[in-house]
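Position one of the sequence shown corresponds to residue 2 (the numbering used here), numbered consecutively onward. Backbone N, C-alpha and C define an ideal beta-carbon position, used for all residues, glycine too. The next block holds one structure in the form of structure tokens; read it before the comments.
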Amino acid sequence: MAWCWMCWMMSAAGTRAIRSWLPVQTTPCSKPKSSRSFPVLTAASFRSKYEILTNFTSVHLSNVELKHMGQQLVGSYPVHFHLCGDVDETGGYSAGTYVEGLAIHHSFSRCVTVHATNGLLVKDNVGYDTLGHCFFLEDGIEQRNTLFHNLGLVTKPGTLLPTDRNSTMCTAIRDKVHGSYIPVPATDCMAVSTFWIANPNNHLISNAAAGSQDAGIWFVFHKMSTGESHGRFPETKAELTPLGIFYNNRVHSNFKAGLFIDKGVKTSHASAEDPREYLCLDNNARFRPHQDADPEKPRVAARIDRLISFKNNDHGAWVRGGDIMIMNSGFADNGIGLTFASDGSFPKDEGSSQEVSESLFIGESSNYGFQGGQNKYWGTGGIDNKTRTLPRNRTFPIRGFQIYDGPIRLTKSTFKNYVPTPDRFTSAIGFLMKNPWQITPKNNLSSVKFGTNISLKVFFGRPGPWFEESELDGDKNSIFHDVDGSVTEYKDTYVARIDNYLIRHPNCINVTKWNGVICSGAYAQLYVQTWNPQNLTMTIARDEYPSKHMTLRGINQRALFQQYQPVVMLQKGYTIHWNGQAPQTTFLYLINFDKNDWIRVGLCYPPDTTFQVTSDIFQRQTSAFYSVEEYTPVSSMEELQKTRQGRTFYFDSSTGLLFLLLQAQHTRDGFSYCSSQGCERVKIQATVRSKNVSDCRAKTYPKYSQAPTVIKPMPSKTAVPCKNCGATQAVFTSDPQKTYLVVQLQSLSKAELQQGDLESFISVGGSKFSFKKEGLYLVVVDACTGAVREHTFFSRGDAGRLVTYLKTKVLQRSIVLLGTRGNVGSLDGIPEALVSLGTAKPAHLGNKGSLAFLGFKGNFRPSWTKLFASPAEQGLGLLEKYIPLQLEEYGCRRVNTMKTRDVELLKKALKTY
């Protein structure tokens, strides 16, 4: 039957009939490409419902349902713009090309594919229950396309590309790998995404992506054009290309991440040298946008504005690169809210800025979710310990903001509801677990606000499940700068792991439950690179705490050289030792040293070693070095100390220590790791005759031991809480024009009052009205402005006066908040009065312990109006509600200018201002 249907469609009559169904405008544009219009129906058209080729007159697709379209064949998609080039004004079209209002569901391959096509508008479309990347930009050269107000739901794995495949498909499909290579799912595949964006110069405005097997939105960076575009177009420079508009996008219920910005694809075919399949996922790209995609020109910050990310199993957002700024965003119920990763490894990475501001992080909200469906984990959690969906599983350590390497800046942000359970640690600020990487003390936090339900502000991890031994280099060197004391209550201090004695002094403050320590001081990093042998373990000790040394294994055990990057306190002395033969070549780089910052370093060698020591300045972009200077030996430590800015070294053959004073000579700018001139470094070329282990600690100490001293005194504890900390917005939704008022009510029963000194209050937008006497308390708020009109008290048994007040004194367009404290006496008449403020019928309020009511006075019954009542011996606890303001239904005049922001940005994207 299906074959007969296809035969009929391919007949002349069928073609005429189908053309009559298609809502495709074919009016000529001002500069027609050819006389040909669309659609032209071929056999391929029924694998791909609309396959649009180049040189069309015009294409406007709108309001079509596409079901069961596409196949797991290349080019067979419901909608496919194939090698169309520029389809907007740049391409000569006076009326831009668009795809609008399509319902694409149960697709066998993708939703809308944009292939070597620029300037397309994809607007108001739905893609549901589809295989493979849904809204798909294919070859890495697609630019200036605008995706506006699209919804993608339940994006499932497909077979076409390695990035479409799940773990089973990844290892089973091996026809395009070389030889007997077996793909690794976690690194080659498992990237299927609702929005797959292969070039950053595209615009995403007010889209939503939910239920993807891997990611909601994934920005991937092609090193060169791929597929059919390869060789036909210039290099993509995607890594260097500035980000288009990213505004008000929502991602939730995705398994791997809501938003993922990282990685590239393999751009060479399988070979003996690299047996992986062409276009498999590859860890070869780092997003670092510059003006005109030119690394010699200034950086251009990528702005991610209003990302709403919740219920993602692993990450709300994983973002690698710089400069990148996330602002006005909300993260809730994710395994990890947000992680920034640097754009590469030093010394190739020049240092960049990563910042999150004006954002809200919620560990576990009152959105409990539902058991079943794609929810894999279910258990108890949250501040009320109720059953709910869980990220990963019940033991996974939830973190709001995760520090990986840096430098990052977190400012003007709020954290709420991070409460550990007996099964897991939960913290507002955390660190990447099992981290072998470098980490910088330039990570800094400021103007941070923590809600009342924060048991762990910060957690450095402990040996055990998930953290394992917590003994990798990055684990040991975890650190951040608390700029204003909003995290620690000690201004201008650094927070590090409690057992790190490279950064401590005698007045540091231990915070045992964080597994952390708070210290004052100045800090930088020493980057140590060693050659021949390459896989040594390095032990570094500070002269003031020689028995509290740090052992580092290095970053990559398979590399030809090894690299270590301890964080060090400046103006101190250190010694370095090895678990094997001392390296023949060692480079010491000064990382995050400002001009005149210094440390003294002693490196262990056999007593008969001879040295050539030089300094130079290394340029990362060109891998060239200049200003080479030879070091000369001196005969004593005293002479070395006197010539701090000279190029000298002292070798103490009695201990086997080669001593150097490392002092920065040039100014460092902004977030760069190195000076404005380049990376200052010292090269030690050692002629090592002995193969014995080079560990000199037994001879070094106590000879070079020093008494611990404080260079920078610890500040006094902050006495006054920060008034301007936290995000300005208390609520983040995908509807930016709505303004919400945060209200809290804590009504206490007589039984609760007898349990302790608890506070009864009504809080409106952060302003608290406390109850000291037993009775009823009323706060009236203007529903248009959020301003408190009046707050008043009604004593026990004074229900009549309250009823009169509610009926005669409360103005129209008012929010009415009612709370109680203790025994309130008779409530006669109150249930009837509350009906006019939102209750469906008079409530039975006899024998209630406490009451809380949210109502509205006006010609409208909002959904948020509600009466809460507890039994006599119980309480309501703290109630927190978010009430929308300025609604036209209230009778308010809309004053919020943000309501057109998405439309304004759409016009900007389309260049129609």
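Checklist entry - With distances taken between CB atoms, is the gap from L154 to A211 smaller than 8 angstroms? => result Their beta carbons are under 8 angstroms apart, which means L154 touches A211 by this criterion.
Checklist entry - Near A910, which residues of its chain fall below 6 angstroms by C-beta distance, leaving aside the five closest residues on each side in sequence? => result Excluding its 5 nearest sequence neighbours in each direction, A910 has C-beta neighbours in its own chain below 6 angstroms: T147, H204 and I246, listed in chain order.
Item to check | Nearest-angstrom beta carbon gap, E351 and R621 [assumed within contact, 8 angstroms] | outcome: With 8 angstroms as the limit, R621 and E351 qualify as a contact, their Cβ atoms being about 5 angstroms apart.
Item to check | Cβ-Cβ distance between G776 and F795 below 8 angstroms | outcome: Against a cut-off of 8 angstroms, the Cβ pair of F795 and G776 comes out as a contact.
Checklist entry - Using the beta-carbon count (16 or more within 10 Å), is Q144 buried or exposed? => result Q144 is buried by the Cβ-count criterion.
Checklist entry - Any chance the stretch 482-491 sits against the stretch 713-733, with 3 or more Cβ pairs inside 8 angstroms? => result Yes, since at least three Cβ pairs between the stretch 482-491 and the stretch 713-733 fall closer than 8 angstroms, the two stretches touch.
Item to check | Contacts around T552, its chain only, beta-carbon distance under 7 angstroms, and the 5 residues preceding and following it disregarded | outcome: Taken in chain order, the residues that qualify are T538 and T540.
Checklist entry - Is the beta carbon of Q526 sitting closer than 8 angstroms to the one on Q613? => result Not in contact: Q526 and Q613 (Cβ atoms no closer than 8 angstroms).
Item to check | Cα-Cα separation between L280 and L661, rounded to whole angstroms | outcome: Taking the straight line from one Cα to the other gives about 48 angstroms.
Checklist entry - Quick one, which of A699, T821 and S677 has its alpha-carbon nearest S748's? => result Comparing Cα-Cα distances from S748 to each of A699, T821 and S677, the minimum goes to T821.
Checklist entry - Are the stretch 397-406 and the stretch 420-427 touching by the rule of at least three beta carbon pairs closer than 8 angstroms? => result These segments touch.
Checklist entry - Per the contact definition of three or more C-beta pairs closer than 8 angstroms, is the stretch 584-597 in contact with the stretch 724-743? => result By the criterion of at least three beta-carbon pairs nearer than 8 angstroms, the stretch 724-743 is not in contact with the stretch 584-597.
Item to check | Identity of the residue in N516, K477, Q73 and F772 nearest L457 by Cα | outcome: In terms of Cα proximity to L457, the closest of N516, K477, Q73 and F772 is N516.
Next on the checklist: If you measure between the beta carbons of R111 and F137, is that distance less than 8 angstroms?
Outcome noted: In this structure, F137 lies closer than 8 angstroms to R111 by Cβ.
Checklist entry - Any idea which residues DSSP pairs M551 with across the strands? => result Beta-bridge pairing links M551 to I541.
Item to check | Beta-carbon contacts of K32 that lie in its chain and below 8 angstroms, excluding the five residues immediately before and after | outcome: Bear in mind that a pLDDT of 35 at K32, under 50, signals an unreliable position, so the model cannot answer this.
Next on the checklist: I'd like the list of long-range same chain contacts for L906, defined as Cβ closer than 7 angstroms, with 5 residues on each side in sequence excluded.
Outcome noted: Its chain contains I206, I246 and Y248 as the residues whose beta carbon lies nearer than 7 angstroms to that of L906, once the 5 sequence neighbours on both sides are disregarded; these appear in chain order.
Checklist entry - Contact check, Y378 vs T390 under 8 angstroms by CB: the rounded distance? => result 7 angstroms between Cβ atoms; contact.
Checklist entry - Cα separation between K810 and N824? => result Cα-Cα distance, rounded: 25 angstroms.
Checklist entry - Measuring CB to CB, does G323 end up less than 8 angstroms from Q372? => result Between G323 and Q372, the C-beta gap is not smaller than 8 angstroms, which leaves the two residues out of contact.
Checklist entry - CB-CB under 6 angstroms to G574, same chain, minus the five flanking residues each way: which ones, in chain order? => result D544 and R601, listed in sequence order.
Item to check | Three-state secondary structure (DSSP) of I174 | outcome: Residue state, collapsed to three classes: coil.
Checklist entry - Cα-Cα, which of I325, S358 and D344 is closest to F332? => result Checking every option, the nearest Cα to that of F332 belongs to S358.
Checklist entry - DSSP on V917, reduced to helix/strand/coil? => result The structure shown does not extend to residue 917, since the chain spans only 2 to 914, so no value can be given for it.
Checklist entry - In this structure, does DSSP put P186 in helix, strand or coil? => result Three-state DSSP puts P186 in a helix.
Item to check | Length at least 3, wholly inside the stretch 191-272: the beta strand (DSSP E) runs in chain order | outcome: For the stretch 191-272, the continuous beta strand (DSSP E) assignments of 3+ residues that do not extend past its boundaries occur at 194-198, 204-206, 209-211, 216-220, 247-253 and 258-262, in sequence order.
Next on the checklist: For L62, report the span of its beta strand (DSSP E) as first-last.
Outcome noted: Element bounds for L62: H61 to S63.
Checklist entry - Under three-state DSSP, which class holds G801? => result Look at G801 here: in three-state DSSP terms it is helix.
Item to check | Where Y891 falls: helix, strand or coil (DSSP) | outcome: Looking at Y891 - three-state DSSP - the assignment turns out to be helix.
Item to check | Which of helix, strand or coil DSSP assigns to D306 | outcome: Note: D306 maps to strand in three-state DSSP.
Checklist entry - Would you say G407 and I440 are within 8 angstroms of each other, going by their C-beta atoms? => result Contact: yes.
Checklist entry - How would you write the range of the beta strand (DSSP E) that A286 sits in, first residue to last? => result Here A286 belongs to no beta strand (DSSP E), and DSSP marks it neither H nor E.
Checklist entry - Hey, out of R287, T242, N126 and A523, whose CA is closest to A209's CA? => result Taking each of R287, T242, N126 and A523 in turn and checking the Cα distance to A209, the smallest one comes out for N126.
Checklist entry - Smallest Cα separation from V569: which of S479, N284, L132 and Y632? => result Ranking S479, N284, L132 and Y632 by Cα distance to V569 puts S479 first.
Item to check | Reduced DSSP category for R400 - H, G, I as helix; E, B as strand; rest coil | outcome: Three-state result, R400: strand.
Next on the checklist: Since S851 and S871 should fall inside the 8 angstroms C-beta cutoff, what is the C-beta to C-beta distance between them, to a whole number of angstroms?
Outcome noted: Between S851 and S871 the beta-carbon gap is near 5 angstroms, inside 8 angstroms, which marks them as a contact.
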